[in-house]
Amino acid sequence: MADKMNVKFGANEETVPSCYYEFAKRYPDSSGKTYQGFVTTSADKIFESTNK
């Protein structure tokens, strides 16, 4: 999950999620082409970890 960090917003300071990196290895399909799209159902952790 993403670490948290303090960020100053005007006179206030809030603790917010920082960044989260996720890597995916892509394999060629039977025709030799590598899928270039984005599968949103596979990205659940990034949204969970950066949602306040």
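Position 39 (the sequence shown) corresponds to 39 in the numbering used here; numbering is contiguous.
The beta carbon of each residue, even a glycine, is placed where N, CA and C say it ideally should be.
Can you name the start and end residues of the beta strand (DSSP E) that residue i belongs to?
i	result
Thr41	Taken as a continuous stretch (DSSP letters only), Thr41 belongs to no beta strand (DSSP E), as it is neither H nor E.
Thr15	Asn12 to Pro17
Quick one: grab the DSSP three-state call for residue i.
i	result
Lys25	coil
Lys4	strand
Within 9 Å (strictly less), CB to CB, does residue i reach chain C?
i	result
Thr40	Within the model displayed, chain C is absent; a lone protein chain is all it includes.
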